[in-house]
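Structure first, then comments.
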Amino acid sequence: DRMTIATMRSSLTQDDIRRLVRGDSPEARANAAHKICRRIDTMDLTQAEQDSARQVLDLMCSDAAVLVRRALAVTLRNSPKLPRDIAIKLAKDVDAIAVPILKNSPVITDEDLVEIVLAGSAEKQTAIAQRPVLGEGLPELGSRVHHDGTVPRHRLPERPAGDEQEPNALRPRLDHDLVA
């Protein structure tokens, strides 16, 4: 009649997942997200449990409520168990979600950070500059952040050789007949 710890653990997870999916309010879903993320971060999961956790993290990352995505970002900001692609999605989200990941996540690479700093807001750029450890190409990037948090584009590290791209190559070309 006694419930085993494994049974209790899986039933708690099922209840939390149910609340995450069907929660009446963003607060209820965020609370469930926080509990699930803590469990994912602190438990040794089997491969099947990791696969399930991955699906749940995807679900949280896609939740319309900022509160739910922020619970995910804040709870797993230091976790090596956060899948890199989800960390990148969170890092490109609104500042309230991106900043904890950008400051702390061990799964984001230097290449990811350079891409995000080039496209990111001043708050995201400042968060990257405040990381405890920056890769070899990034310390000077951190030192170049202005007091207002912006990074001057002309002073960013040069592109690697062979990665030349015309500055206007990404801009749409205007048809000269339409401009006349």
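Residue numbers for the sequence shown follow our numbering, beginning at 76 and rising by one. Ideal Cβ placement from N, Cα and C applies to all residues, glycine included. Quick caveat, the model's predicted, so the values are computed rather than measured.
Sub-9 Å separation of residue 199 and residue 173 beta-carbons = yes
key: Rounded C-alpha distance that separates residue 165 from residue 180   = 10 Å
Buried versus exposed call for residue 236 [16 or more other C-beta atoms within 10 Å across all chains shown] = Residue confidence is low: residue 236 scores 47 on pLDDT, short of 50, so the model does not pin down where it sits. Its coordinate-derived value is still stated next. Exposed.
message = Out of 163, 128, 210 and 150, which one is the CA nearest neighbour of residue 191?
response = If we check each option's Cα against that of residue 191, 163 comes out closest.
query = Does the separation of the CB atoms of residue 178 and residue 205 fall below 9 Å?
reply = Yes; because the gap between Cβ atoms is below 9 Å, this pair is in contact.
ask   = DSSP on residue 101, reduced to helix/strand/coil?
value = helix
ask   = The alpha helix (DSSP H) spanning residue 201 covers which residue range?
value = 197-204
ask   = If you draw a straight line from the C-alpha of residue 89 to the C-alpha of residue 128, how long is it?
value = 11 Å
query = Under a Cβ-count criterion, where at least 16 other Cβ atoms within 10 Å of its own Cβ denotes burial, should residue 91 be classed as buried or exposed?
reply = buried
query = For residue 136 versus residue 115, is the C-beta distance shorter than 9 Å?
reply = no
message = So residue 101 and residue 143 are supposed to be a Cβ contact under 8 Å. How far apart are they, rounded?
response = Indeed, because the Cβ distance is near 6 Å, the residues count as touching under 8 Å.
ask   = Roughly how many whole angstroms lie between the Cα atoms of residue 159 and residue 183?
value = 6 Å
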